[in-house]
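Undergrad: Per UniProt numbering, the very first residue in the sequence shown carries number 1; after that it's consecutive.
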Amino acid sequence: MIARLDAALLRLSIYRVVSIVLAALAVVAVVLTATGTLGDGVFGPDAMLVSAVVLVGGTVAVSTVLARLFGTRAQWESGVITGLLLWFLYWPTTDAAELGWLAGAAVLAAASKFLLARHGRHVFNPAAAGVVLLALIAWALGQPASAPYTTWWVASEPLVGWVLVGALVVLWRLRRWAHSVVFVVLGGALTVLTQLDAGLSGGEALRFALISTPLVFFAGFMLTEPLTLAPRRRQQVLAAVVAAVVFTLPLTVAATGYVLHLTPVGGPYEIALLAANLVAFLSGQRGSRLTLVQRRELGDDTVELAFRPARGLRFTPGQYLELDLAPSGALTDSRGLRRMLSISSPPGELVTVAVRVPARPSRFKQVLQALEPGAVVRACAVGGDFVLPHSTDPVALVAGGIGVTPYLSQLRTPGALEDRDVVLVYGTRVGAVAELPYGAELIDLGVPVVVVSPQRPTDLPAHWRHVASELLDAAALHAAVPDLDARRVHLSGPPAMVDALRARLSRARTDHFAGY
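Spelled out as structure tokens, the structure:
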């Protein structure tokens with residue numbers, strides 16, 4: 001069942017998944033309100049529906065207009081997500097003046113994607129940015145009575161279970177858990193400690209943290225936006241720590257006998273998210289326009305594309321770039337035209353990626369394969385922790401098929417093999433080294449290679465070895481590398497292979513995979 005869920009989620013873009021989950025939560029909230037379980041008479045289904053139309057419609061409409069003005073493609077799902085996030089933060093209303101302010105929040109949130117951006121990538125979460133900008137405008141106008149404030153009503157007891165399930169689905173699709181877990185643990189611990197100090201019991205304090213604060217919603221839907229994440233895991237964790245501290249700041253300050261007022265700039269939760277976004281931005285979020293320079297075939301179903309960045313694209317060998325093909329003008333599908341692809345080139349003037357194109361490729365691969373030299377696409381981000389260790393410990397690089405690409409970036413880098421014992425295990429089903437993607441180049445690089453395949457390649461080099469196996473499993477891997485337990489192991493390849501090996505090799509490092 002889990003495998004089927006995983007496969008289903010990988011067929012959808014992260015933006016499609018988040019928009020579906022948020023829409024489902026919205027439906028649940030409306031139903032609970034209609035049945036009297038949610039709202040306590042403060043708002044009804046009519047106010048919820050009207051507010052949703054204003055916020056979602058406003059963000060989508062403004063995003064579409066600004067995208068045309070800035071010469072980019074409108075990401076309507078991003079607008080839907082921003083509008084729904086705002087909907088869960090502000091009290092629903094039918095008052096015309098209050099709806100006008102909500103429309104203003106939608107406009108500001110959408111505008112922040114284009115105006116508070118660098119190299120085509122927005123710096124701050126649009127929903128949080130819209131809230132804070134609206135709060136500043138309301139403060140400058142003397143706090144009109146109709147000006148709304150955020151209540152984060154999504155943190156209501158009837159919705160807790162639903163929010164938790166939705167957050168888990170999003171995190172499962174995103175395949176990044178560490179920073180959200182750190183935020184929940186630290187933010188929850190700080191909240192519980194302040195409530196214990198206030199005289200609550202342990203159970204009451206924990207209940208307060210989970211039900212009276214938007215801890216889970218924040219971790220699952222606000223802190224996980226891909227474009228505002230830091231490039232490395234440790235930087236993401238640092239941003240989560242900063243968010244947790246700011247998130248709980250009013251409570252920790254209150255525990256000392258003081259009151260913290262944040263009225264001019266919104267509430268602590270929005271400020272916490274913007275603080276985390278700022279940490280991520282200062283950590284070196286990178287993006288650039290890319291011009292296709294060359295393409296070459298690496299076999300019957302594999303192609304390598306070389307791009308020239310419009311500006312220097314800094315990366316560490318082994319990292320990936322998030323490639324957005326929307327600037328090409330191609331039509332999209334449910335997965336979108338944005339993917340994470342391992343960089344196969346060393347740092348330098350050009351950036352190369354390689355992909356396997358099956359008989360029935362995704363829309364993304366169809367568009368990528370059809371690109372001609374001179375076509376312009378965009379690298380939204382560079383990131384990942386799939387890099388060689390700083391130490392000179394022996395390393396086993398395990399690749400399945402096109403999973404060899406991050407290793408090419410590492411092995412092509414001058415000095416990569418100095419004072420380092422490296423062996424590459426290459427799982428494949430082809431019958432000759434000449435048919436392997438990068439086979440000839442691996443021979444020239446001189447790295448020790450063990451080919452794992454059903455049949456011995458007919459042109460196996462003298463300094464390469466072969467292990468006969470239908471699959472690159474744990475048994476084949478130990479046969480290929482007898483001293484495997486003494487080596488640092490890196491795994492890259494099809495998710496099924498990586499998951500199976502990782503279950504047997506608890507300390508193995510894996511590449512970030514979010515679906516092709």
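Where is the CB? At the ideal position from N, CA and C, for every residue including glycine.
What you are looking at is a predicted structure, and each value in this text was computed from that prediction instead of being measured.
Measure the C-alpha to C-alpha separation of ALA468 and GLY71 and round it to an integer number of angstroms.
TA: 54 Å
Undergrad: For GLY57 and chain C, any beta-carbon pair shorter than 8 Å?
TA: The chain labelled as chain C is not found in the depicted structure, where only one protein chain is given.
Undergrad: What residue range does the alpha helix (DSSP H) around HIS478 cover?
TA: 474–480
Undergrad: With 16 as the cutoff for other CB atoms within 10 Å, does GLY515 come out buried or exposed?
TA: Unreliable placement is indicated for GLY515, whose pLDDT of 45 sits below 50; no coordinate value is reported for it.
Undergrad: Tell me whether the beta-carbon of GLY493 lies closer than 8 Å to the beta-carbon of ALA399.
TA: yes
Undergrad: Taking three-plus beta-carbon pairs below 8 Å as touching, is the region 287–299 in contact with the region 247–265?
TA: no
Undergrad: If you scan the region 172–219 from start to end, which runs of the alpha helix (DSSP H) of 4 or more residues do you find wholly inside it?
TA: Whole alpha helix (DSSP H) segments, 4+ residues: 178–197 and 202–211.
Undergrad: Does the Cβ-Cβ distance between VAL423 and VAL450 come in under 8 Å?
TA: yes
Undergrad: Indicate whether ALA106 and VAL54 have their beta-carbon atoms separated by less than 8 Å.
TA: yes
Undergrad: Following the continuous beta strand (DSSP E) through GLY427, name the residue where it begins and the one where it ends.
TA: 422–427
Undergrad: Report yes or no: do the region 239–249 and the region 268–277 share at least 3 C-beta pairs separated by less than 8 Å?
TA: Because the criterion of three Cβ pairs below 8 Å is met, the region 239–249 and the region 268–277 touch.
Undergrad: Measuring straight from C-alpha to C-alpha, what distance separates VAL237 and LEU223?
TA: In a straight line, the C-alpha of VAL237 is about 11 Å away from that of LEU223.
Undergrad: Tell me whether TYR516 sits in a helix, a strand or coil according to DSSP, three-state version.
TA: Any answer about TYR516 is weak, because its pLDDT of 39 lies below 50 and its placement is not dependable; what the coordinates show is given next. Reduced to three states, the DSSP call for TYR516 is coil.
Undergrad: By alpha-carbon positions, which one of GLN195, VAL21, ASP485 and ALA155 ends up nearest to VAL170?
TA: VAL21
Undergrad: Which residue comes first and which comes last in the beta strand (DSSP E) that contains ARG289?
TA: Taken as a continuous stretch (DSSP letters only), the beta strand (DSSP E) holding ARG289 covers 288–297.
Undergrad: Who are THR302's beta bridge partners in DSSP?
TA: The beta-bridge partner set that DSSP reports for THR302 consists of ARG356.
Undergrad: When we look at the beta-carbon of TYR258 and count the other beta-carbons within 10 Å, is it buried (16 or more) or exposed?
TA: exposed
Undergrad: Using the Cβ count rule (16 or more neighbours within 10 Å means buried), how would you classify THR82?
TA: buried
Undergrad: Can LEU491 and ALA474 be called in contact, C-beta distance under 8 Å?
TA: Not closer than 8 Å, so no.
Undergrad: In the DSSP output, what is MET340 paired with across the bridge?
TA: When beta bridges are read from the DSSP output, MET340 appears opposite GLU322.
Undergrad: Near ALA440, what residues of its chain come up, given a Cβ to Cβ distance below 6 Å and the 5 sequence neighbours on each side ignored?
TA: none
Undergrad: Can you tell which of ALA432, GLU435 and PRO394 has its C-alpha closest to the C-alpha of ASP421?
TA: Nearest of ALA432, GLU435 and PRO394 to ASP421, Cα basis: PRO394.
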